[in-house]
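So the protein sequences, as listed, match chains D and C.
Numbering-wise, the working numbering comes out as the position in the first sequence, counting from 1, plus 23.
Numbering-wise, the working numbering comes out as the position in the second sequence, counting from 1, plus 11.
Beta carbons: idealized from backbone N, C-alpha and C, even for Gly.
On a predicted model such as this, the values are computed, not experimentally measured, just so you know.
A short worksheet on the structure shown next.
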Amino acid sequence: MRASGAAPAMAGSSNLLSVDNVSFAYPGGTQVLDQMSIAVPTGSITGIVGPSGCGKSTLLALLAGLLHPDTGSIEWSDDTAQPPRHPLTMMFQKDTLLPWLTVEDNVGLHFRISKSRLGKGEQKDRISELIHLAGMHGAERKFPYQLSGGMRRRTAFLASVAAHPRTLLLDEPFSALDEPTRIGIHQDIFNIVKREGITVLLITHDLGEAISLSDQVMILTSQPASVYKRFDIPFGTNRNFLQLRENPKFLELYGHVWEQLAVQIQLSRANTAHRPTNDL
Amino acid sequence: MTSNKATRSAGQAGQATPSRLSRIKARSPVWLSQLGLLVTFMLAWQYLPQIPALKAMGHLFDPYFVSSPQRIARELYNLGTGNENSPLIWAYIWSTVYAALLGTTIGMVLGAASGLILSNFRFLSEVMRPFIIGMNAVPRIALVPIIVIVFGPTATSCVIISVLVVFFVAFFNAYEGGSSVREELVQNARLLGADEWHILKCIRLPFVMAWTLASLPLSVTFAVITVVTAEILTGVPGMGSLLGTAAVTGNSALTFSVVITLCVVGIAITLAADAIRARVLHWWGH
């Protein structure tokens with residue numbers, strides 16, 4: 024559709040990640056991914072949507088190295104940054120906060136469990152800076168059980184950002200939040216990710232979320248999944264998420280992308296009509 | 012009306028007061044009923060055996076066997092002060108409590124360590140499973156004679172037996188805790204750069220410690236029971252040996268005094284254990 028506008032933060036259009044013709048089947052025999060190819064520009068946010076159960080989470084597990092493709096290749100470009108950055112972190116759909124640690128200790132989990140180049144003082148500064156950026160100052164000493172759902176998600180997000188990773192995988196991270204909370208978090212996450220130059224892959228059920236946060240959106244086919252359509256999202260690096268949702272360009276794009284997504288949802292429903300399902 | 016006024020003026024004085032006052036007011040019918048029940052029981056215990064017709068019915072109404080609150084109160088006073096050539100109870104309480112606390116500590120540390128290791132290494136846990144279930148099924152008191160032969164009728168034997176009891180309580184909790192660590196937590200830590208050692212130390216160990224600590228009130232109660240039983244069987248000085256003496260000398264007032272003291276000690280230890288647990292595990296259960 025539109026060729027320009029993607030990843031404007033980074034000069035050039037070098038790809039951080041190239042997924043080429045990756046296929047994957049679980050030992051049971053279900054083919055989950057079929058010849059999937061994705062290119063992710065450095066510093067961009069890629070939103071991935073598709074029918075329920077199409078294999079989005081499997082894709083993330085493959086990217087995280089938790090699973091390995093049967094055929095095809097997943098290639099990451101070399102890290103030319105000095106000093107080299109932490110390769111990859113992931114924000115899970117389920118809660119990963121450690122209940123016995125305070126917000127600041129949860130955010131700084133990376134520093135506790137792995138060797139960091141940062142000294143103690145620098146670690147502290149980074150943690151408190153991130154907490155400020157996410158609007159959570161004052162909550163540093165709180166424990167997860169004292170936080171609202173939105174605050175817990177913010178903390179989990181900061182914990183995966185504190186390591187200053189090159190890549191961040193988001194696996195439906197905000198699906199349990201109400202819409203006003205979600206949009207507030209979108210704004211903070213978008214700003215922090217762009218500021219840190221982190222390349223993001225976002226898996227979501229929420230098309231509005233995908234379009235408002237991403238530089239490119241991909242629609243997957245129903246299982247076995249491959250990329251059905253790709254869209255460039257031309258909203259740049261300065262976005263106001265409250266205004267974006269009423270922007271005619273956003274609404275037009277939403278309608279356009281939804282049309283294509285609906286095709287896949289219908290196909291998926293036709294395919295699974297004979298077995299009980301709990302989605303949509 | 013007057014009580015309402017009192018509540019209000021107390022509320023102006025301090026913030027915590029009104030809620031505490033209203034709580035006391037809400038609870039007082041319960042407390043009064045409990046007190047009434049206790050007094051009724053004491054009176055019945057004291058005076059029913061003095062009715063000749065009942066006394067003739069059997070041992071249950073014979074003060075020689077069931078003693079009386081009055082005799083027990085005097086016995087407790089003597090045990091506490093050394094009056095009338097009575098032995099002092101404090102040293103006995105201390106040796107029992109000491110053995111129980113030591114047994115609890117050792118048993119919980121060993122149980123937590125084993126639970127941590129077995130929950131971390133699936134293969135090992137599968138190999139060990141039948142042995143652990145088998146060992147848990149052994150009545151620990153049956154091991155007392157062997158332990159006494161090996162270690163002699165000493166306080167050490169009492170501690171070892173209580174360790175054996177506490178170990179399994181702590182172990183099963185620790186294992187459950189170590190196994191309850193969700194896969195996402197481990198994957199998340201791994202992606203953040205943790206190696207296996209850090210996952211064991213920073214993720215699994217805290218879960219294991221929390222679950223083990225959750226069993227503290229139960230463990231310490233078990234330990235007291237076990238130590239007293241071991242003392243009865245071995246004659247090692249302690250509350251158990253006092254019970255043994257009481258039985259041999261037919262001193263029912265002493266028996267009940269020891270039992271009541273053990274009740275009080277047990278309640279105190281359980282409350283302390285609950286407080287420790289609530290304090291350390293404040294984040295638990297939310």
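Contact annotation: in the region 185–219 of chain C, residues whose CB is within less than 8 Å of a CB in chain D are Arg193, Glu195, Leu196, Gln198, Asn199, Ala200, Leu202, Leu203, Gly204, Ala205, Asp206, His209, Ile210, Cys213, Ile214, Pro217.
The beta carbon of C:Trp294 falls within 8 Å of a beta carbon belonging to chain D, placing the residue at that interface. Contact annotation for D:Met241 against chain C: no contact, minimum CB-CB distance about 22 Å [criterion: below 7 Å].
A residue is called buried when at least 16 other Cβ atoms come within 10 angstroms of its Cβ; D:Cys77 meets this threshold and is buried. Rounded to the nearest whole angstrom, the C-alpha separation of D:Thr125 and C:Trp56 is 55 Å. Membership of D:Thr178 in the alpha helix (DSSP H) is indicated by the continuous run 172–184.
Using a Cβ distance threshold of 8 Å, D:Ile215 and D:Ala157 count as a contacting pair. By the Cβ-count criterion, C:Phe132 is exposed, with fewer than 16 other Cβ atoms from all chains shown falling within 10 Å of its own Cβ. The straight-line gap separating the alpha-carbon atoms of C:Lys66 and C:Ala286 is approximately 45 Å. Excluding five sequence positions before and after C:Ala84, none of the CB atoms of its chain fall closer than 7 Å to its own CB. The three-state secondary structure of D:Phe47, taken from DSSP, is strand. When only Cα atoms are considered, C:Val235 and C:Leu129 end up about 28 Å apart. Under the 8 Å criterion on CB atoms, D:Ser171 is classed as non-interfacial with respect to chain C. Between the C-alpha atoms of C:Val174 and C:Gly114 there is a straight-line separation of about 5 Å.
D:Thr69 has a beta carbon lying at 8 Å or more from every beta carbon in chain C.
Only residues of its own chain outside the window of five on either side were considered, and among them Val42, Asp43, Asn44, Val250 have a CB closer than 7 Å to the CB of D:Ser60, listed in chain order.
With at least 16 other beta carbons inside 10 angstroms of its own, D:Lys79 counts as buried. Annotation: the region 65–117 of chain D contains the following complete segments of the alpha helix (DSSP H) (minimum length 4 residues), in chain order: 79–86. Between D:Ile71 and D:Leu225, the gap from beta carbon to beta carbon is short of 8 Å. Within the region 135–169 of chain D, Arg135, Ile136, Ser137, Lys138, Ser139, Phe166, Pro167, Tyr168, Gln169 place their CB atoms closer than 9 Å to a CB of chain C, listed in sequence order. Put simply, the CB of D:Ala186 is near chain C, with a gap under 8 Å to one of its CB atoms. An exposed status is given to C:Phe142, since fewer than 16 other beta-carbon atoms sit within 10 Å of its beta-carbon. About 7 Å separates the beta carbons of C:Met250 and C:Ile104, which is inside the 8 Å limit, making them a contact pair. At least 8 Å separates the beta-carbon of C:Val219 from that of C:Thr107.
Think of a sphere of 8 Å around the beta carbon of D:Met113: the chain C residues whose beta carbon falls inside it are Gln198, Asn199, Leu202, in chain order. Under the Cβ criterion of 8 Å, D:His91 is not counted among the residues facing chain C.
D:Pro188 is bridged by DSSP to D:His109. In this structure C:Leu254 is in contact with C:Thr266, their Cβ atoms being roughly 6 Å apart against a cut-off of 8 Å.
Between C:Leu203 and D:Thr112 a beta carbon distance of about 6 Å is seen, short of the 8 Å cut, so the two are scored as contacting. Of all C-beta pairs linking the region 144–151 of chain D to the region 102–120 of chain D, fewer than three are shorter than 8 Å, placing the two stretches out of contact.
A distance below 8 Å separates the beta carbons of C:Trp222 and C:Ala185.
Any Cβ of chain C closer than 8 Å to the Cβ of D:Pro106 would place that residue at the interface, and such an atom is absent. Three or more beta-carbon pairs separated by less than 8 Å link the region 82–93 of chain D to the region 43–58 of chain D, which places the two stretches in contact. Shown here, D:Arg253 sits in a strand according to DSSP, grouped into three states.
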